[in-house]
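Undergrad:
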Amino acid sequence: MRKILKTEFFDRSSVTVAEELLGKFLVRERKIGEKKEREMYKIVETEAYEGLLDRASHASRGQTVRNAPMYGLPGTIYVYFTYGMHFMFNIVCGKKGHPAAVLIRGVESCSGPGRLTKKLGIDKRLNGKMLGKTSGLWVQWVEDRIEVRDKSYEIRKVKILRTPRIGIRYAGPIWSKKLYRFVLQSL
DNA sequence: ACGATGATGAAC
DNA sequence: TTCATCATCGTA
C-alpha cells in the first residue's frame, strides 16, 4: 500500500507536519535522457518554521521576494540559496497567506539539508511549484510492515527524537529553544 | 577551529 | 555599504 500526500496533509501546523513527515518517502523523478528515473528516500530529519512570530523563520520580518512561496498554498515547494553555496528545500504548510514551512534536513542515505538538495538535484527551478508529478518531486506514504509470524504482520516501531533547531541562535532565547527539530531513530 | 563560498535582506 | 545568515568542505 502506498499513497501520495495531498495538500490536506500539509494544511496543518508545520510542527505537526514536520513530525509526521518522518518515515514518509521523498520521491524524486528526473528525466535522464529519454528515460524517467525515480528515486525514493525515507525522510529522517525535519525542522518546523511556524508563522510570523517564529523569529528563526524567514517570515518573521514579513513578506519579501525570497520568502514569498511560504505564503502560498500548502504543499508548495520553497527553495532558497544560502551561504553562497547551498539550496535548502522546504515544504510550505498551513493555509495560503499563513507563512510556515518544514525544512527537510535529512533522508536515510544523506544527512544535511545542503547535501540533500545536491544529491536530489533540487534548486531554484523548483521554487514556488507544487509538490507532484509535474515538478518531479513529491512525498508518499508506504505501509511499513514486518512479518512477525507466519502471515502475521505488525508496523515497525520507531522512536522520534525532538531537539532545538540547528544554526538559529540569533532567534533569541524563546524561539531558539523550541523543540521544532525531529529526528527518526530506527529501532 | 576557521576561512571560503557569494544570494538575500536588514542594519547602518 | 557592510554585515549576518535555517551549511559544508577543505585545510590546520
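With this note's numbering, letter number 99 in the first sequence gets 130, and the count goes up by one each step, no holes. Quick reminder that beta carbons are idealized off the backbone N, C-alpha and C, glycines included. From a predicted model like this one, the values you see are computed outputs, not experimental measurements.
1) State the CB to CB distance for the pair Ser45 and Val133, rounded to an integer number of angstroms; the pair is presumed to be in contact (CB under 8 Å).
2) Would you call the CB atoms of Ile122 and Leu151 closer than 9 Å?
3) Pick out whichever of Arg212, Asp175, Thr194 has its Cα sitting closest to the Cα of Glu185.
4) How big is the Cα-Cα spacing for Asp85 and Ile63?
5) What's the C-alpha gap between Arg59 and Met71?
6) Note down, in chain order, each residue of its chain lying with its Cβ closer than 7 Å to the Cβ of Ile199, except the 5 sequence neighbours on either side.
7) Using DSSP bridges, identify the partner residues of Ile177.
8) Given Leu36, which residues of its chain have a CB within under 6 Å of its CB, disregarding the five upstream and five downstream residues?
9) For Ile74 versus Gly128, is the C-beta spacing smaller than 9 Å?
10) How would you write the range of the beta strand (DSSP E) that Lys55 sits in, first residue to last?
11) Please go through the region 37 to 103 and give each complete beta strand (DSSP E) segment of 3 or more residues, from N-terminal end onward.
12) Ignore the nearest five residues each way along the sequence and tell me which others in Gly143's own chain have a CB closer than 8 Å to its CB.
13) Just to confirm my understanding: we take Phe118, look at its own chain, exclude 5 residues before and 5 after, and list those with CB closer than 8 Å. What are they?
14) Use the C-beta contact count for Ile108: other C-beta atoms within 10 angstroms, 16 or more gives buried, fewer gives exposed.
15) Just to confirm, are Thr194 and Val179 a CB contact at a threshold of 9 Å?
TA: In terms of the structure at hand:
1) 5 Å
2) Their beta carbons are not under 9 Å apart, which means Ile122 does not touch Leu151 by this criterion.
3) Asp175
4) The alpha-carbon atoms of Asp85 and Ile63 are separated by roughly 40 Å.
5) Those two C-alpha atoms are separated by around 7 Å.
6) Ala87, Ser207
7) Residue pairing for Ile177: DSSP places it in a beta bridge opposite Glu185.
8) Val170
9) no
10) For Lys55, there is no enclosing beta strand (DSSP E), as DSSP marks it with neither H nor E.
11) Complete beta strand (DSSP E) runs here, min 3: 56 to 63, 66 to 81.
12) Arg136, Gly137
13) Val110, Tyr111, Phe112, Gly145, Thr148, Lys149, Ile153, Asp154, Lys155
14) buried
15) no
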